[in-house]
Amino acid sequence: MHCELKEKDRIGTINPIFTCQPAGAQYASIGIKECIGIVHGGQGCVMFVRLLISQHLKESFEIASSSVHEDGAVFGALDRVEQAVDVLLMRYPHVKVVPIISTCSTEVIGDDIDGVVRKLNEGLLQEKYAGREVHLIPIHTPSFVGSMVSGYDVAVRDFVKHFAEPGEPNGKVNLITGWVNPGDVKALKHLMAEMDIEANVLFEIESFDSPLMPDGNYVSHGSTTIEDLKSTGSASATLALNRYEGGQAAKYLESEFNQPTIVGPTPIGIRNTDTFLANLKTLTGKPIPHSLVVERGIAIDALTDLTHMFLADKRVAIYGNPDLVIGLAEFCLDLEMKPVLLLLGDDNPNYADDPRIQAIQENVDYPMEIITNADLWDLENRVKNEGLELDLILGHSKGRFAAMECNVPMVRVGFPTYDRAGLYRYPVVGYAGATWLAEQMANTLFTDMEYKKNKEWVLNVW
Ligand code: SF4
């Protein structure tokens, strides 16, 4: 009995789990106020990503494209970046932050986005926009390496590198949330407020769960300001929740500003939320208040009602962003469930050194697989053709057809989840997230029991 970590044994991808690096950079950039990114590539690199993010969050927001055409693909397209920056600044007088996000095509043709940023800083911005604060930030996200996850990580690092300044310690804790939902941000802010800790929440997208106001606002934007980004250098500590989505920025702040820094664990489940609070206590010296002990107790009470009777031994497949997948797997193990298949959609060589994966490998006492560079065919094929038995699938909406084909119930979690209402509003982190996740899993299994007439009578006597 062991847990095997291995790469997908096929060339090519069928039904990918991730999209490409520029998508991650775009997700990071919408968390910044007064920021509109320019994606330097074909229009589809924005159009489909923006659609995906918009479907997930059910909000509208703005991202621009340099809209490279055939001539640019052959002769270079930096002139289109110059035009795009000028048009964007003219059309949006409030915009101050403009990341220039490269793509596969513009990296292959070798467009020097660092050079064009220097040229624009010395030319256009001095001549036409003198006196206006504008930050042009080159972000290299070729799609032929990494995934949307590494694209998010690279962008967060580059934004922080661009802005972070030394200064008098401000007593705040930088919180790098990683790729989360508005509901997660709200839950994390709540936990930190209960701890009486002032958080500098970076790339903050809580406002994407926004009210529709009488004045008819229809465009959402993130809440992290330039000042917030500059002040990352003078924070008293940095806590990055995810190793692969913000970990590089945390390491930069640690080395450049000598800040106490902790990366992970993603606070999914009781165990990891306990560690999150303990880390905050370590970084700030603030005690964990009784209110959070009560909150924890309420969550444990809810989980106790479900674990032994309904969740124990249920065989689960999980796919999606690595920090999320690992956190969910740890939570499932704590609930006595059996994660039998974890699918990570890129070939990051560091997974083998991840202590959380190593701990899972050392501790599971049943056959389990962790597949890197995986796709959704890895899931579907195992169930349909190789006899893998599953009770539940955890993952984003792109796997719904695999779940339907395999006749296995599914809980939507991760990005994107566009085929269920309001999921962006509910946290998966913290004690509230643990309760929500466990109850979602249980309710999904209950519905499946009824429809498959599998011990549905148990629900009458529970
Ligand atoms: S794979 Fe390349 S062309 Fe396609 S969306 Fe990603 S960056 Fe754009």
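Note that the sequence shown ends on residue 462 in the UniProt record's numbering; no numbers are left out. Even glycine gets a Cβ: it sits at the ideal position worked out from N, Cα and C.
Subject >> Span of the alpha helix (DSSP H), counted from its first residue to its last, around glycine 327 >> reply: 322–334
Subject >> Beta bridge counterpart(s) of lysine 338 as assigned by DSSP >> reply: Arg315
Original post:
Do isoleucine 288 and glycine 433 have their C-beta atoms closer together than 8 Å?
Top reply: no
Original post:
Under the DSSP definition of a beta bridge, which residues are partnered with leucine 202?
Top reply: Ile176
Original post:
Can you give the Cα-Cα distance for serine 29 and aspartate 354, rounded to whole angstroms?
Top reply: 27 Å
**OP:** Locate the beta strand (DSSP E) running through lysine 33, then write down its first and last residues.
**Re:** Per DSSP, lysine 33 belongs to no beta strand (DSSP E) and is neither H nor E.
Subject >> Candidates Met192, Gly146, Phe208, of which the one nearest tyrosine 424 by Cα >> reply: Phe208
Original post:
the ligand NAD heavy atoms versus the CB of glycine 433: any closer than 7 Å?
Top reply: Looking at this structure, you won't find the ligand NAD anywhere; what it does contain is the ligand SF4.
**OP:** Could you check if histidine 135 is buried or exposed, using at least 16 other CB atoms within 10 Å of its CB as the buried criterion?
**Re:** buried
Original post:
Measuring CB to CB, does isoleucine 17 end up less than 8 Å from leucine 342?
Top reply: no
Original post:
If you run the structure through DSSP and keep just helix, strand and coil, what is histidine 2?
Top reply: coil
Subject >> arginine 400 in three-state terms, based on DSSP >> reply: helix
Subject >> Simplified DSSP assignment, three categories, for serine 102 >> reply: strand
Original post:
Are the region 355–368 and the region 3–12 touching by the rule of at least three beta carbon pairs closer than 8 Å?
Top reply: yes
**OP:** Report all residues from its chain with a CB closer than 6 Å to the CB of methionine 192; omit the five preceding and five following residues, and keep chain order.
**Re:** Ala199
**OP:** Put aspartate 135 into one of helix, strand or coil per three-state DSSP.
**Re:** The displayed chain sequence assigns histidine, not aspartate, to residue 135. If DSSP states are grouped into helix, strand and coil, histidine 135 belongs with the strands.
Subject >> Helix, strand or coil at glutamate 227 [DSSP, three-state] >> reply: helix
**OP:** With hydrogens ignored, establish whether the beta-carbon of serine 150 is closer than 7 Å to any heavy atom of the ligand SF4.
**Re:** no
Original post:
Using a Cβ-Cβ cut-off of 8 Å (strictly less than) and excluding sequence neighbours within five positions of aspartate 419, which residues of its own chain qualify?
Top reply: Ser397, Arg400, Arg412
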